[in-house]
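**Student:** Here UniProt numbering is used: the first residue of the sequence shown is 1, the next is one more, and so on.
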Amino acid sequence: MSSSSSHWLSLVGSVWLQTINGPNADFPVYSSQFKEIKGISQVQLNFLAFASDAGKLFGWFAGIAALYLPLWLVAVTGAAFGLVGYGVQFLFLERSGLAYWHLFLLTSLAGNGICWINTVCYLLCIKNFPSDSRVVVSLATSYLGLSAKLYTTMAGTMPRALTSRYSTTKVYLLLNAVVPMAVTLVAAPSLRVVDIVKKKWSQAPFLAMFVITLATGACAIVDSLGSASVGLSSREHMVSLYVMLALPLLIPVALKMRESLAKIRDAKWENRRVHDHDSDGGAETAAAVSVEIQVEDNNKSQQEQEEQSVVVGGGQEEVGGLQLLNRIDFWLYFFSYLFSATLGLVFLNNLGQIAESRGLADASTLVTLSSSFGFFGRLLPAFLDYYTAKSGYNLSRTASMASLMAPMSPAFFLLLHPKHMVLYACTTVIGTCTGAITSVAVSATSELFGTKHFGVNHNVVVANIPVGSLCFGYLAAFLYQRGAHGGNRCIGAACYRDTFILWGATCAAGTALCTVLYARSRGLIKGRLPR
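Right under this line is the structure:
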């Protein structure tokens with residue numbers, strides 16, 4: 001493929017990888033059954049959720065590997081970690097020889113694999129679309145919000161022979177192991193950095209991608225609200241979701257066809273010009289060639305000036321290594337992320353037990369709802385970046401993060417109300433804001449600390465996720481276990497009452513920290529981003 005279509009093909013590959021790169025997101029669906037199979041407590045279960053995030057502590061290895069290895073190999077390595085981590089659990093889950101510490105290490109290995117695939121996707125978006133990296137990153141990462149939805153849909157349409165033989169837990173473990181590797185192998189040929197031919201792309205591919213992405217999210221929302229209400233079976237919804245995920249492939253195909261037609265047209269024009277040369281002599285043609293060379297030189301000079309202006313206009317201080325840890329802005333960023341998006345992820349990890357304590361028979365509806373709205377949350381920054389860029393403006397990422405954190409704190413406090421509708425509403429708010437903050441943070445890292453060391457820097461930033469998962473998850477499990485009065489189950493709104501109060505206060509503190517970060521970085525960002 002030519003460079004233009006190859007750029008968009010790499011985006012399609014990133015979209016597919018992001019869609020399957022959240023196998024840990026379906027954990028709330030089977031966590032209660034998992035706890036019963038292994039006979040572990042709620043505290044031990046939360047430590048397993050932490051184990052998945054603990055793998056991110058070593059995510060910076062992926063950033064280093066991406067400097068020396070082909071990106072497709074980095075992605076396959078991450079998928080292999082997931083294959084081993086979840087595959088061994090699937091094979092030996094019900095055997096006593098698979099001890100708790102085995103589960104912890106295997107889950108950590110699978111969690112680390114997620115970082116490798118994420119790093120590949122981020123680097124492809126940033127390097128292949130440097131002028132539109134914010135929009136492209138938000139578009140690609142929005143599909144990560146569909147992971148839980150995809151896995152629950154696939155699990156619900158498994159053949160009866162499989163579901164009758166294996167428990168729900170083992171079905172999910174099998175999908176978590178096999179699906180990422182299969183999709184990564186399919187997408188591997190597209191996972192490469194392509195030489196940049198032009199800094200700006202035409203608007204048509206972006207508009208087409210937005211339409212496809214919105215339609216995909218609408219498809220997921222309809223299914224989350226209930227298949228019966230629209231008269232479609234789970235299998236039909238699965239097929240429609242697969243079709244929507246395949247549609248982005250039409251964009252590079254269309255670009256390739258257009259480029260092929262342009263080459264044919266140019267070839268015909270060249271043949272006609274050669275014929276004119278034979279008829280009219282070489283003097284006029286030589287003059288035309290001289291003019292063409294001069295125009296080409298002028299275009300090259302203009303292109304070099306534009307590239308220099310892009311570097312000057314988007315010039316930013318490059319921060320990396322230990323220098324990053326000495327920055328006050330880094331720690332403000334680290335803790336504001338910890339007290340907002342990470343806290344939201346811990347809430348989503350506990351949806352299974354929260355639903356059970358509120359008397360909901362099945363947590364899958366709540367999980368798919370949070371996943372679908374998380375998808376739109378991740379997509380929101382892409383829309384804002386696209387339309388503000390057309391107007392000549394750039395939104396500060398830290399300001400966007402602070403604005404998105406603000407609704408989360410009231411949502412946690414509203415969860416104190418025992419009504420099921422309040423639980424659904426607050427889950428959609430927290431899922432949407434968590435997804436949006438996670439998406440914005442990718443661009444915020446490069447905005448604050450530059451793009452040169454992005455692969456390592458962002459993996460250092462997301463190391464806050466295992467820290468938050470351990471602290472907030474253990475707190476929730478401890479309070480839940482205390483409410484169970486020695487048992488393994490706690491029923492009633494009081495089970496998470498104190499947890500929601502503490503989480504709401506923590507999220508309010510995160511909003512304040514991010515506001516301070518915006519105030520500190522506003523002058524620097526305003527000076528280096530084109531208005």
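We put the beta carbon where it would ideally sit given N, CA and C, even for glycine. The model shown is predicted, which means the values in this text are computed figures rather than measured ones.
For my contact list, leucine 416 and arginine 497 are in at a C-beta cut-off of 8 Å; report their separation, rounded to the angstrom.
**Tutor:** Indexing the sequence shown from 1 puts residue 416 at position 416. Indexing the sequence shown from 1 puts residue 497 at position 497. Between arginine 497 and leucine 416 the Cβ distance is about 6 Å, and since that is below 8 Å, they are a contact.
**Student:** Quick one, are the C-beta atoms of valine 84 and leucine 109 less than 8 Å apart?
**Tutor:** Taking the sequence shown and counting its residues from 1, one reaches residue 84 at position 84. Taking the sequence shown and counting its residues from 1, one reaches residue 109 at position 109. Contact: yes.
**Student:** Could you check whether leucine 144 and leucine 71 sit closer than 8 Å to each other, using their CB atoms as the reference points?
**Tutor:** As a working mapping, residue 71 is identified with position 71 in the sequence shown. As a working mapping, residue 144 is identified with position 144 in the sequence shown. No.
**Student:** Going by the beta-carbon positions, is the gap between leucine 17 and valine 183 smaller than 8 Å?
**Tutor:** One-based indexing of the sequence shown puts residue 17 at position 17. One-based indexing of the sequence shown puts residue 183 at position 183. Contact: yes.
**Student:** At the level of alpha carbons, what is the spacing between alanine 476 and phenylalanine 412?
**Tutor:** Locating residue 476 in the sequence shown gives position 476, where the first residue counts as 1. Locating residue 412 in the sequence shown gives position 412, where the first residue counts as 1. C-alpha separation (whole angstroms): 13 Å.
**Student:** Which of the three DSSP states is assigned to phenylalanine 129 in this structure?
**Tutor:** Working through the sequence shown from its first residue, we reach residue 129 at position 129. Looking at phenylalanine 129 - three-state DSSP - the assignment turns out to be coil, as it is neither helix nor strand.
**Student:** Could you please give the first and the last residue of the uninterrupted alpha helix (DSSP H) stretch that includes valine 76?
**Tutor:** Against the sequence shown, residue 76 aligns to sequence position 76. Note, valine 76: alpha helix (DSSP H), 71-92.
**Student:** Quick check on leucine 57: does DSSP put it in helix, strand or coil?
**Tutor:** Here residue 57 refers to the residue found at position 57 of the sequence shown. Note: leucine 57 maps to helix in three-state DSSP.
**Student:** When burial is assigned at 16 or more other CB atoms within 10 Å of the CB, is leucine 173 buried or exposed?
**Tutor:** Looking up residue 173 in the sequence shown gives position 173. Burial call: buried.
**Student:** Among the residues of its own chain, which have a CB less than 7 Å from the CB of isoleucine 215, if the five just before and after it don't count?
**Tutor:** Here the question's residue 215 lines up with position 215 in the sequence shown. Here residue 215 turns out to be alanine, not isoleucine, going by the sequence shown. If we look at alanine 215 and ignore the five residues flanking it on each side, its Cβ neighbours are Met244.
**Student:** Determine the contact status of leucine 517 and aspartate 266, defining contact as a CB-CB distance below 8 Å.
**Tutor:** Position 517 of the sequence shown, counting from 1, holds the residue named residue 517. Position 266 of the sequence shown, counting from 1, holds the residue named residue 266. Cβ atoms of leucine 517 and aspartate 266: not closer than 8 Å.
**Student:** Using C-beta distances below 6 Å, list every residue in its chain close to phenylalanine 129, excluding the 5 sequence neighbours before and after it, in chain order.
**Tutor:** Mapped onto the sequence shown, residue 129 falls at position 129. Around phenylalanine 129: Val136.
**Student:** Exposed or buried, which one is isoleucine 117 when buried takes at least 16 other CB atoms within 10 Å?
**Tutor:** Looking up residue 117 in the sequence shown gives position 117. Buried: at least 16 other Cβ atoms inside 10 Å.
**Student:** Pull up the CB-CB distance for serine 167 and glutamine 33, whole angstroms please, since I reckon it's below 8 Å.
**Tutor:** The sequence position of residue 167 within the sequence shown is 167, counting from 1. The sequence position of residue 33 within the sequence shown is 33, counting from 1. The pair is a contact, with the Cβ atoms about 6 Å apart (cut-off 8 Å).
**Student:** Measuring CA to CA, which of Val460, Cys471 and Tyr480 is closest to phenylalanine 61?
**Tutor:** Position 61 of the sequence shown, counting from 1, holds the residue named residue 61. The candidate whose alpha carbon is nearest that of phenylalanine 61 is Val460.
**Student:** Alpha carbon to alpha carbon, how far is isoleucine 126 from leucine 9? Give it in angstroms, no decimals.
**Tutor:** Within the sequence shown, residue 9 is the residue found at index 9, counting from 1. Within the sequence shown, residue 126 is the residue found at index 126, counting from 1. C-alpha separation (whole angstroms): 14 Å.
**Student:** What separation, rounded to the nearest whole angstrom, lies between the Cα atoms of lysine 452 and valine 76?
**Tutor:** Position 452 of the sequence shown, counted from the start, is the residue given in the question as residue 452. Position 76 of the sequence shown, counted from the start, is the residue given in the question as residue 76. About 24 Å.
**Student:** Alpha carbon to alpha carbon, what distance is there between arginine 192 and proline 159?
**Tutor:** By one-based count along the sequence shown, residue 159 stands at place 159. By one-based count along the sequence shown, residue 192 stands at place 192. Using only the alpha carbons, I get a separation of about 36 Å.
**Student:** If you pair each beta-carbon of the region 442-450 with each one of the region 394-401, do three or more pairs fall below 8 Å?
**Tutor:** yes
**Student:** Quick check on DSSP: helix, strand or coil for tyrosine 100?
**Tutor:** As a first step, residue 100 must be located in the sequence shown, where it is residue number 100. Correct three-state label for tyrosine 100: helix.
**Student:** Distance, Cα to Cα, arginine 235 vs threonine 157?
**Tutor:** In the sequence shown, residue 235 corresponds to position 235, counting from 1. In the sequence shown, residue 157 corresponds to position 157, counting from 1. Spanning the two alpha carbons is a distance of roughly 6 Å.
**Student:** Select from Ile221, Thr163, Ser164 and Asp53 the residue whose C-alpha is nearest the C-alpha of glycine 113.
**Tutor:** As a working note, residue 113 is residue 113 in the sequence shown. Of the candidates Ile221, Thr163, Ser164 and Asp53, the one whose C-alpha sits nearest the C-alpha of glycine 113 is Asp53.
**Student:** Out of curiosity, what's the CA-to-CA distance linking isoleucine 37 and glutamine 353?
**Tutor:** The count along the sequence shown starts at 1 and reaches residue 37 at position 37. The count along the sequence shown starts at 1 and reaches residue 353 at position 353. Those two C-alpha atoms are separated by around 16 Å.
**Student:** Measure the alpha-carbon distance for glutamate 270 versus serine 4 and round it to whole angstroms.
**Tutor:** Translated into positions along the sequence shown, residue 270 becomes position 270. Translated into positions along the sequence shown, residue 4 becomes position 4. Taking the straight line from one Cα to the other gives about 23 Å.
**Student:** Using the Cβ count rule (16 or more neighbours within 10 Å means buried), how would you classify residue 559?
**Tutor:** A question about residue 559 goes unanswered here, because the residues of the chain that appear run from 1 up to 531.
**Student:** By alpha-carbon positions, which one of Leu11, Phe27 and Gly82 ends up nearest to threonine 368?
**Tutor:** Residue 368 sits at position 368 when you count from the first residue of the sequence shown. When each option's Cα is compared against that of threonine 368, the closest is Phe27.
**Student:** Leaving out five residues before and five after alanine 25 in sequence, what residues of the same chain have Cβ atoms less than 6 Å from its Cβ?
**Tutor:** The residue you call residue 25 lines up with position 25 of the sequence shown. For alanine 25, where only same-chain residues beyond five positions count, the Cβ hits under 6 Å are Ser147 and Ala148.
**Student:** Valine 88 to proline 180, Cα distance in whole Å?
**Tutor:** The residue you call residue 88 lines up with position 88 of the sequence shown. The residue you call residue 180 lines up with position 180 of the sequence shown. Roughly 15 Å between the two C-alpha positions.
**Student:** What does the alpha-carbon distance come out to for the pair isoleucine 465 and arginine 258?
**Tutor:** Translated into positions along the sequence shown, residue 465 becomes position 465. Translated into positions along the sequence shown, residue 258 becomes position 258. Each residue's alpha carbon lies about 44 Å from the other.
**Student:** State the start and end residues of the unbroken alpha helix (DSSP H) segment that holds serine 439.
**Tutor:** As a first step, residue 439 is located in the sequence shown; it is residue number 439 there, counting from the start. It spans 420-449 - the alpha helix (DSSP H) in which serine 439 sits, taken as one unbroken run.
**Student:** Give me the residue from Gly455, Gly492 and Val319 with the minimum Cα distance to leucine 69.
**Tutor:** Residue 69 sits at position 69 when you count from the first residue of the sequence shown. Of the listed residues, the one whose Cα sits closest to leucine 69 is Gly455.
**Student:** Starting from cysteine 471, trace the alpha helix (DSSP H) in both directions and tell me its first and last residue.
**Tutor:** Here residue 471 corresponds to residue number 471 of the sequence shown, with the count starting at 1. Segment 464-483, the alpha helix (DSSP H) holding cysteine 471.
**Student:** How many whole angstroms separate the CB atoms of cysteine 495 and tyrosine 480, which I take to be in contact at a CB cut-off of 8 Å?
**Tutor:** Position 495 of the sequence shown, counted from the start, is the residue given in the question as residue 495. Position 480 of the sequence shown, counted from the start, is the residue given in the question as residue 480. Yes, they are in contact, since the Cβ atoms of cysteine 495 and tyrosine 480 sit about 6 Å apart, within 8 Å.
**Student:** Would a C-beta distance cut-off of 8 Å place phenylalanine 335 and leucine 513 closer than the cut-off?
**Tutor:** For the purposes of this step, residue 335 is identified with residue 335 of the sequence shown, where counting begins at 1. For the purposes of this step, residue 513 is identified with residue 513 of the sequence shown, where counting begins at 1. The beta carbons of phenylalanine 335 and leucine 513 sit closer together than 8 Å.
**Student:** Could you give the residue range of the alpha helix (DSSP H) that holds leucine 324?
**Tutor:** In the sequence shown, residue 324 corresponds to position 324, counting from 1. Taken as a continuous stretch (DSSP letters only), the alpha helix (DSSP H) holding leucine 324 covers 322-325.
**Student:** For alanine 262, is the classification buried or exposed, using 16 other Cβ atoms within 10 angstroms of its Cβ as the cut-off for buried?
**Tutor:** Against the sequence shown, residue 262 aligns to sequence position 262. Exposed, since its Cβ has fewer than 16 Cβ neighbours within 10 Å.
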